[in-house]
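Colleague: The structure under discussion is supplied below as structure tokens; questions concerning it will follow.
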Amino acid sequence: MADEIVYKKVTRKADRLLEGKIIAKHGKQTNQKLKLYVVLQYLLKYSDENNTKSAYDIIGYLEDCGISAERRSIYRDIEDINRIMLMLQEDIDLDEADRIFAEAEESGDEEELNELKTVLYDKNKKGFYVRQRKFEVSDMRLLAECVYAAKFIAEGQAKRLVDVICDFVSEEQATRIKHNAFLTDRVKTDNRSVMNNIAAINDAMSRHLDGEPHTPEKITFKYLKYSVSDMSKQVERRHGARYTVSPFQLLINDGNYYLLAFDDYSQEMRTYRVDRMKDIRFTGEPRDGEEVFKRIDLKTYTKRVFSMYGGEQRLVEIRFINPLLDAVVDRFGTKDVQYARVDDTHFSVTAKVEISDQFFGWILGFGKKAKILYPDAVLDQFRAYMDKIREMY
369 MADEIVYKKV TRKADRLLEG KIIAKHGKQT NQKLKLYVVL QYLLKYSDEN NTKSAYDIIG
429 YLEDCGISAE RRSIYRDIED INRIMLMLQE DIDLDEADRI FAEAEESGDE EELNELKTVL
489 YDKNKKGFYV RQRKFEVSDM RLLAECVYAA KFIAEGQAKR LVDVICDFVS EEQATRIKHN
549 AFLTDRVKTD NRSVMNNIAA INDAMSRHLD GEPHTPEKIT FKYLKYSVSD MSKQVERRHG
609 ARYTVSPFQL LINDGNYYLL AFDDYSQEMR TYRVDRMKDI RFTGEPRDGE EVFKRIDLKT
669 YTKRVFSMYG GEQRLVEIRF INPLLDAVVD RFGTKDVQYA RVDDTHFSVT AKVEISDQFF
729 GWILGFGKKA KILYPDAVLD QFRAYMDKIR EMY
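Just so we're aligned, residue 369 is where the sequence shown starts under the numbering used here, counting upward by one.
Below is the structure:
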């Protein structure tokens, strides 16, 4: 993270550097000692390769800060910023930095010269921007996702840490990193397909994309499922037919990412496992379901969709009808869990389960489509649970 350290050095050393010969040649106008520092911080916050700032943009910002400037001085300021940054990056003095820049200019290699600069000028967009740091925006997004997902980090602290991470990218890039996933539970994820899908979904939901206004749009994707005949891989649902949905909210729960979206076919809000989405594409069509989404209370909704269990943990065998395989995998996963074919219409799962009323309620929800087979002690508890319910009626 060498670049981050360099930017912090600029902040700490700004006053001392700006009092020297660099500023002296610009005169003694009000607040001129702060000028280079303000220009650099402005570009760090508001520019990147997709969002440039012209000399007039910079002048306007300086005037808002009470610092006068004229167009030609901005170009000199950018040169001085690049000298200072190279000095700090390479741990050399200003004379050595000037020598390196002079040699690069004499060689005529523009790519080599740009590699030395912190602030570049885009001739096509006619504006300045801070060169991409050694880290990618996707790296910062991954760090933010890990903070969002960590169970041991309180929600308020998670948001603060993500704000710190976003200080190392432009404001536009920060809005794309802060997708505001609703934290029903924090779990760590390093699944690359999940991260790529999240990035695509977040772009589809964004109201600003690459510095331009963007209308949140529908997406299409293929959806995967497990097959009891081969648990080592997932196959495409609907024989590969594409789902079309209007994305509204990313949810994090129990180690998985979910997308809350308005389904085109059913005209209902539904949740989709992000790691089971494949080949996400943008449609360019504005999303539907805004009014339906506004009526949803996310806390109530997530409690209903993501039931939490708690109780004594036991190894339990349960039989289900085959169409429930995906629902069972969603609940138990595939690690340290045994799946077996019972007959042509049923399969069984053997897994560690937290025995509780919520678990029994989950089983009851399937009616005759699910049956606890083992152990007898859990069967006795389940019968007692049903007896208590019968007593109410």
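We put the CB at the ideal spot given by N, CA and C, even for glycine. Remember, predicted model here, so these are calculated numbers, not experimental data.
ASN482: buried (16+ other C-beta within 10 angstroms of its C-beta) or exposed?
Modeller: For this step, residue 482 is matched to residue 114 along the sequence shown. ASN482 counts as exposed, since fewer than 16 other beta carbons sit within 10 angstroms of its beta carbon.
Colleague: Restricting to Cα atoms, I'd like to know which of VAL613, ILE648 and ARG649 is closest to SER634.
Modeller: Counting from one through the sequence shown, the residue named residue 634 turns up at place 266. The shortest Cα separation from SER634 among VAL613, ILE648 and ARG649 belongs to VAL613.
Colleague: Would ASN450 be called buried (16 or more neighbouring beta carbons within 10 Å of its own) or exposed?
Modeller: Residue mapping note: residue 450 aligns to position 82 of the sequence shown, counting from 1. The residue is buried, with at least 16 neighbouring Cβ atoms inside 10 Å.
Colleague: Excluding five sequence neighbours on each side, which residues of the same chain lie with their C-beta closer than 8 Å to the C-beta of LYS389?
Modeller: Taking the sequence shown and counting its residues from 1, the one referred to as residue 389 is at position 21. With a pLDDT of 37 at LYS389, under the threshold of 50, the modelled position of this residue cannot be trusted; read the value that follows with caution. Contacts found: none.
Colleague: Quick one: residues in its chain with C-beta nearer than 7 Å to the C-beta of TYR626, no 5 flanking neighbours on either side, listed in chain order?
Modeller: Your numbering for residue 626 matches position 258 in the sequence shown. Excluding the 5 residues flanking it on each side, TYR626 has same chain C-beta neighbours closer than 7 Å at LEU619, THR639, TYR640, ARG641 and VAL642, in chain order.
Colleague: What does the Cβ neighbour count give for LYS542, buried or exposed, with the cut at 16 atoms within 10 Å?
Modeller: Taking the sequence shown and counting its residues from 1, one reaches residue 542 at position 174. According to the sequence provided, residue 542 is Ala. The question's Lys does not apply to it. The residue in question, ALA542, is buried, as its Cβ has 16 or more Cβ neighbours within 10 Å.
Colleague: If we require 3 or more residues per run, which beta strand (DSSP E) segments fall completely within the stretch 691–758?
Modeller: 706–709, 714–723 and 738–742
Colleague: Under 8 Å by Cβ, that's how I've got GLY495 and SER422 pegged, so tell me the actual separation to the nearest angstrom.
Modeller: Within the sequence shown, residue 495 is the residue found at index 127, counting from 1. Within the sequence shown, residue 422 is the residue found at index 54, counting from 1. Distance from GLY495 to SER422 at the Cβ level is roughly 5 Å; contact confirmed, criterion being Cβ atoms closer than 8 Å.
Colleague: On the DSSP letters alone, give me the boundaries of the alpha helix (DSSP H) that GLY524 sits inside.
Modeller: Within the sequence shown, residue 524 is the residue found at index 156, counting from 1. Here the alpha helix (DSSP H) through GLY524 covers 523–534.
Colleague: With a floor of 3 residues, list each beta strand (DSSP E) that falls wholly inside the stretch 600–666, ordered by position along the chain.
Modeller: 611–621, 624–631, 637–641 and 645–654
Colleague: How is ASP461 classed by DSSP in three states: helix, strand or coil?
Modeller: As a first step, residue 461 is located in the sequence shown; it is residue number 93 there, counting from the start. ASP461: coil per DSSP, three-state reduction.
Colleague: In angstroms, rounded to a whole number, what distance separates the CA positions of ILE740 and LEU683?
Modeller: As a position in the sequence shown, residue 740 is number 372, starting the count at 1. As a position in the sequence shown, residue 683 is number 315, starting the count at 1. Approximately 11 Å, taken between the alpha carbons.
Colleague: Cβ of ASN570 within 8 Å of Cβ of ILE648?
Modeller: Along the sequence shown, read from residue 1 onward, the residue named residue 570 stands at position 202. Along the sequence shown, read from residue 1 onward, the residue named residue 648 stands at position 280. Taking C-beta atoms as the reference points, ASN570 and ILE648 fail to come closer than 8 Å.
Colleague: By Cβ distance, which residues of its chain are closer than 8 Å to MET455, with the 5 residues on each side in sequence left out?
Modeller: In the sequence shown, the residue the question calls residue 455 occupies position 87. If we look at MET455 and ignore the five residues flanking it on each side, its Cβ neighbours are ASP461, LEU462, GLU464 and ALA465.
Colleague: Within 10 angstroms of the Cβ of VAL603, are there 16 or more other Cβ atoms? Answer buried if so, exposed if not.
Modeller: For the purposes of this step, residue 603 is taken as the residue at position 235 of the sequence shown. Its Cβ having fewer than 16 others within 10 Å, VAL603 is exposed.
Colleague: May I ask you to verify whether the stretch 693–710 touches the stretch 586–595, counting CB pairs closer than 8 Å and requiring at least 3?
Modeller: yes
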